[in-house]
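Protein chains in written order, with our numbering: chain E, 1 to 442; chain P, 443 to 884.
Here the structure is laid out as structure tokens; the discussion comes afterwards.
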């Protein structure tokens, strides 16, 4: 890994960029993986003379070098070389919290503006880093950190900033969406869909971060920051895994006019931010129900503009690189136009509401039971004790009586009211798997 | 109508705004119709202290005044009052070419930045006005001129600027989409759907500009300017009317897995811009096929980022006002940050390609005929003479033999090859209506 400077340059940051106002903006690239290569390619192929790639910083540069990179680009394994260079903009594409955070802080302290695609970094330290950038007269942009090439973060900064948003929901994780749409289309078990995704490179060997919602909730925290002006720690957002979703759930969901997707959603109501990530039933006819494979979708809900949907490639080198290069152009334009640029009104991000996952929705409860008389009566009895109203009981024919799946849907109630009933039901001896409980979104 | 200044203020424009750098940005609103009222409402309700509404200019102001507008806002019928005021930003919402053009030029020459929702003005004079704004150190933004509240123009300026776009397609006219989706859902005749749209306020008494494509092609010209960096006169874009679309076309389209929508599309291929507006067959499963009522959809196609879709409310006071206020905030931020702002690189807009509507696509030909033997043979004969390949012949049962609809679909060919065949077919004596010829988009 590239070394971190512990000795940031002490020059006044703003002066450095203004001196080069008429020259091309000098860009250093840190991290030369799939996205880094695609960014370099766009910068090198481009006819845009206002940007010049000057450095590429990565481990094992000898194995990374590409013939299409101009000869005057400096290849280095030492981040200090970038820090002490005259680069105006540092693109951080190494990902993860450490050493990326130190690198970004170092670059800002050296008077360089930063463009990053690092979702964990922005989700955890975005407000502080924006504050730091502001105080140093530098810029920090992170348009690629959510939904890859889908320009939802730039839209929140520009075309939607005149609205007052109260909700954001999205399909933010391509791996989950690939797996769920494979189960949907081929009715294969979860484990088979996961193996297939791994074989095709859509899922990592350890895909926990994707499957269990860690990736998506970092992105949701960033969307809540940029769109709802709320500061929320990703860990405080409840994440439910998609591992428990079975092919049979798509059969039952279809009976309800729905399909199953991993949905990330945040609703600001008064001083509470309702937020969660997890598999949910969505109508087949809704924009969410139609998102296939590794596409991403984000829907913003505003007081004046209503719902706006953004759909496109949520990952991949080239689409993510578009978001990175767009940010670089934006920062470069600002650098060219003024000596002390500060794009972000950090004060807008001070709201730190209580976070809750206690949404009120209708619910889908799917049971696998060893069939015996009186099952529905027992479950209905427990639900009645907790004042929960059954909407429908669905049982498709043709299943083995030893592992019989069936579904109960509930009328809208709060998650917190449902939870004690679920605990009681999971203790019943005929349940051969824990009940799968999914919100039904309309 | 408000008067136009023939005597623009001669002060150095940039100095004027920089003097007020620390104060709120002063905003004058010209045009107080549906959108104007919604803009004023957002500006007056808002907690944003960086913007202050100072003037409202309209005809018949006595009948327009609203109790929720603060008492210190100046109401005037004389645009000269706005011009000679200390407003930093003029919002032009009167629409049409004249006197809007003179007003916008006057405002720019008086050193004021301009935000407009005027599609005709930007479609016809956008590049010149941007040039003028640039030369005067003012800003000109027009994010509300296409697709109302759907932030596609801001996205082209920001999150997509790192890509190289080669195509843009959209459903840009809410009136056409309302009428076509009503015919689709209720299978009513065109005339009935139009009357209904007029009764509900979705179509004007003279809806020609909407139905015949004039409105959409102005928007397409703006998208081509902002997204493909091409300057194209709206009149050079072919526009086909939707008036000839019949309920039966939705039956036949459904047989082909399609529906009918007014599609505006522009593809840049080498030095030619292929562009047209008109009813087209689109797959029911595509984003275009699912757009209902007065929603707008825009899909951009880029070399790196692939297809990105933007969907939302394409018209209406509140959504359009969001786009206007977002532009105002953007301009105000720039004014606050620098004395001589110039956001637009006008040089990007110099490309003036040849315009063509000679797309190569499969085609849908719908005939209404007086039934007699040999019709298909005759039509097939003509098509064969012109080397056009039939893909399918569709004839649904149950129609009156005196006005029998049936459909021939053709394999992909250029419009210019099809045209002579259509002329020859229209001369046949059994045709009781001109053949309806729609491209099939995949």
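The beta-carbon is built from N, C-alpha and C at its ideal position, and this holds for glycine as well.
Here the structure is a predicted model, which means the values were calculated and not measured.
| Check | Outcome |
| --- | --- |
| In chain order, each alpha helix (DSSP H) run of at least 4 residues that lies wholly inside the stretch 62-121 of chain E | 79-83 and 100-109 |
| Three-way DSSP call (helix, strand, coil) for residue 868 of chain P in this model | helix |
| Residue of E:157, E:262 and E:137 minimising C-alpha distance to residue 184 of chain E | E:262 |
| Residues near residue 476 of chain P in its chain [Cβ-Cβ closer than 6 Å; skip 5 each side] | 759 |
| C-alpha gap between residue 624 of chain P and residue 806 of chain P, whole angstroms | 21 Å |
| Contact set between residue 326 of chain E and chain P, taken where Cβ atoms lie within less than 7 Å | 600, 601, 602, 603 and 604 |
| Residue 528 of chain P versus residue 48 of chain E - alpha carbon distance | 38 Å |
| Beta-carbon proximity of residue 664 of chain P to residue 588 of chain P, cut-off 7 Å | yes |
| Beta-carbon gap between residue 113 of chain E and residue 89 of chain E smaller than 7 Å | yes |
| CA-to-CA distance, residue 288 of chain E to residue 186 of chain E, given in whole angstroms | 19 Å |
| Any C-beta of chain E under 7 Å from that of residue 694 of chain P | no |
| Limits of the unbroken alpha helix (DSSP H) element including residue 666 of chain P | 656-670 |
| Nonlocal neighbours in the same chain, by C-beta distance under 7 Å from residue 709 of chain P, ignoring five residues either side | 608, 609 and 716 |
| Chain E contact for residue 620 of chain P (CB, 7 Å cutoff) | no |
| Test item: CB-CB of residue 411 of chain E and residue 391 of chain E under 7 Å | yes |
| Per DSSP, cross-strand counterpart(s) of residue 439 of chain E | E:363 |
| Beta-carbon neighbours of residue 744 of chain P, restricted to chain E and to distances below 7 Å | 322 |
| Residue environment, residue 440 of chain E, which counts as buried when at least 16 other CB atoms sit within 10 Å | buried |
| Residues that residue 274 of chain E bridges to, as DSSP identifies them | E:267 and E:356 |
| Assigned exposure category for residue 505 of chain P - 16 Cβ within 10 Å defines buried | exposed |
| Neighbourhood of residue 658 of chain P by C-beta, 6 Å cutoff - its chain only, sequence neighbours within 5 removed | 614, 615, 706 and 719 |
| Which listed residue (E:367, E:138 and E:97) has its alpha carbon closest to that of residue 111 of chain E | E:138 |
| Which of helix, strand or coil DSSP assigns to residue 677 of chain P | helix |
| C-beta contact flag for residue 817 of chain P and residue 866 of chain P at 7 Å | no |
| Runs of beta strand (DSSP E) lying entirely within the stretch 120-206 of chain E, each at least 3 residues, in chain order | 165-171 |
| Closest Cα partner of residue 660 of chain P within the set P:864, P:696, P:578 and P:678 | P:678 |
| Where the alpha helix (DSSP H) containing residue 753 of chain P begins and where it ends | Note, residue 753 of chain P: premise wrong, no alpha helix (DSSP H); beta strand (DSSP E) at 748-755. |
| Collapsed DSSP secondary structure at residue 763 of chain P in the structure displayed | helix |
| Length of the line joining the Cα atoms of residue 61 of chain E and residue 80 of chain E | 15 Å |
| Short CB-CB distance (under 7 Å) between residue 597 of chain P and chain E | yes |
| Inter-stretch contact (C-beta, 8 Å, three-pair minimum) for the stretch 229-246 of chain E and the stretch 300-312 of chain E | no |
| Where residue 605 of chain P falls, given that 16 or more other Cβ within 10 Å makes a residue buried | buried |
| Within-7 Å CB hit, residue 585 of chain P to chain E | yes |
| Residue 250 of chain E: first and last residue of the uninterrupted alpha helix (DSSP H) it sits in | 247-255 |
| Spatial neighbours of residue 516 of chain P in its chain, beta-carbon cut-off 6 Å, leaving aside the 5 residues before and after | 497 |
| Contact residues within the stretch 125-150 of chain E, judged by C-beta distance below 7 Å to chain P | 143, 149 and 150 |
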